[in-house]
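In my numbering, the protein residues as written are -6 to 92. Note that the Cβ used here is the ideal one computed from N, Cα and C, for glycine as well. Keep in mind it's a predicted model, so treat the numbers as computed, not measured. Everything below concerns the one structure shown next.
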């Protein structure tokens, strides 16, 4: 079985720059979901380095519900997880290494 590195943890995507100053309550209202970015993956043959964005949505268990490759070597995934309802980045930071 051949394995390809899709990317390394790069950070959270889609946050407005001023969101670091928001209260927890503001984040609950203004940030409906989290999206993680992994980039700098293995180079595709005759193409870009691989990368993946993982959108986290609420679910009762951790479950990858979709994976696609819209442009070449750039992947999008949706992950259902109970952690998505908490809107607590410290809990989500623990999860990124498990993917």
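Whole-angstrom distance between residue 37 and residue 53, CA atom to CA atom = For the purposes of this step, residue 53 is identified with residue 60 of the chain shown, where counting begins at 1. For the purposes of this step, residue 37 is identified with residue 44 of the chain shown, where counting begins at 1. Those two C-alpha atoms are separated by around 35 Å.
key: alpha helix (DSSP H) runs wholly inside the segment 16 to 65, at least 4 long, in chain order   = 17 to 23
query = Is it the case that the Cβ atoms of residue 68 and residue 76 are separated by a distance below 8 Å?
reply = Reading the chain shown from its first residue, position 75 is the one you call residue 68. Reading the chain shown from its first residue, position 83 is the one you call residue 76. No.
message = Quick check on residue 4: buried or exposed, where buried means 16 or more other Cβ atoms within 10 Å of its Cβ?
response = Locating residue 4 in the chain shown gives position 11, where the first residue counts as 1. When all chains shown are included, residue 4 counts as exposed.
request  = Using alpha carbons as the reference points, say which of 71, -6, 2, 19 lies closest to residue 50.
outcome  = Indexing the chain shown from 1 puts residue 50 at position 57. Checking every option, the nearest Cα to that of residue 50 belongs to 71.
request  = For residue 29, count neighbouring C-beta atoms within 10 Å of its own C-beta (all shown protein chains included) and say buried if the count is 16 or more, exposed if not.
outcome  = Along the chain shown, one-based indexing puts residue 29 at 36. Looking at its Cβ environment, which holds 16 or more other Cβ atoms inside 10 Å, residue 29 is buried.
ask   = Say the cut is 7 Å; is the CB of residue 61 nearer than that to a heavy atom of the ligand NAD?
value = Here there are no bound small molecules, and the ligand NAD is not part of this structure.
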